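Novice: Residue numbers (our numbering), protein chains in the order written: chain A, 1 to 74; chain B, 1001 to 1145.
1. Any C-beta of chain B sitting closer than 8 Å to the C-beta of residue 15/A?
2. Starting from residue 25/A, find everything on chain B with Cβ-Cβ shorter than 9 Å and list it in chain order.
3. My output table needs one value for residue 1078/B: the three-state DSSP class, helix, strand or coil.
4. Report the rounded CA-to-CA distance for residue 1086/B versus residue 1071/B, giving the unit in angstroms.
5. Measure from the C-beta of residue 1034/B to each C-beta in chain A and report whether the shortest distance is under 8 Å.
6. Under 8 Å, Cβ to Cβ, is there at least one residue of chain B near residue 64/A?
7. Can you find a C-beta in chain A that's less than 8 Å from the C-beta of residue 1050/B?
8. Can you check whether the C-beta of residue 67/A is within less than 8 Å of a C-beta belonging to chain B?
9. What residues of chain A sit near residue 1091/B, judged by a beta carbon separation below 7 Å?
10. Closer than 8 Å, CB to CB, is residue 1058/B near chain A or not?
11. Mind listing the chain A neighbours of residue 1095/B? Cutoff is C-beta to C-beta under 8 Å, in chain order.
12. The alpha helix (DSSP H) with residue 17/A in it runs from where to where?
13. How long is the line joining the alpha carbons of residue 1067/B and residue 52/A, rounded to whole angstroms?
14. So, with DSSP's three-state summary, where would you put residue 34/A?
15. Considering only the beta carbon of each residue, do residue 69/A and residue 1065/B sit closer than 8 Å?
16. Hey, quick one: how far does the alpha helix (DSSP H) through residue 59/A stretch, first residue to last?
17. Looking at chain B, is there any beta carbon in it that lies within less than 8 Å of the beta carbon of residue 28/A?
18. Taking the straight line between their C-alpha atoms, what separation do you get for residue 1026/B and residue 1010/B?
19. Helix, strand or coil, according to DSSP, for residue 45/A in the structure here?
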C-alpha cells in the first residue's frame, strides 16, 4: 500500500532537516580553532584553546595575524 | 635530529626574493616573513619591524608548551591561520586565509628555507600584463623580457 501523501512530505522535510543539521555540525567542527605543534620525527601535539599553553599560542598567533593585516585586494 | 645550520649568511635580497616566490606560489597567503638565525627579520611582506618580536614570542610559547624544540607550528583561528617553520637556523612564518592547504603551505615553506640555507637560487615569477597569468622563469636562463 502506498504511503499517505502527507507522510512523504514529512519524510522529505525531515530528511532535509537532518542534512542541514549534519552540515552545521561539520561546519562547527571545521571552524573550531586549533593549535598544533610538530616536532622532529613527525610527532604532533594538539593544544586546546582553554589550556594554558593553548591560550598563549592563540594570543601569539593573534598578534601575527594582526601584523599581517587583511588580504590585499587583487 | 637537530637542524643543520645555514651554510652561509643569507642576504636580505635572497630572502626577499624567496618571499616573493612564496607569495606568488600561495594564493591564500596574506603576509609572510623570513627571520634569520639571530632573530633579525631578513624579509617581510608587511610591517617588518613587528615580525621579529612576535615570531620569537610564538616559538618561545611553543617550546614551553611541549617537551623539546618545536619544528613547525600551525594555528587556526576564526581570523586566519598561522604557519611557522624552523629549518637550518632560519624561520619562515606565513599568515593565510582560513582553510589554506596546510601540507602544501608547509611544503613550500620548507623547500624555500632549504634553498635559502643551501644558497640555491630560487625560481622567480614574472607577472604578465593584466596581472592574472604568470610566467615562470628560472634565474640565469637568459629569458630577458
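Built from N, CA and C at the ideal position, the CB exists for glycine as well.
As the structure is a prediction and not an experimental result, all values here were calculated from the model.
Specialist: In short:
1. no
2. None at all; the shortest Cβ gap to chain B is about 17 Å.
3. coil
4. 6 Å
5. no
6. yes
7. yes
8. yes
9. What residue 1091/B touches in chain A: nothing, since even the nearest Cβ is about 12 Å away.
10. yes
11. 64, 65, 67 and 68
12. 5-31
13. 15 Å
14. strand
15. no
16. 52-68
17. no
18. 22 Å
19. strand
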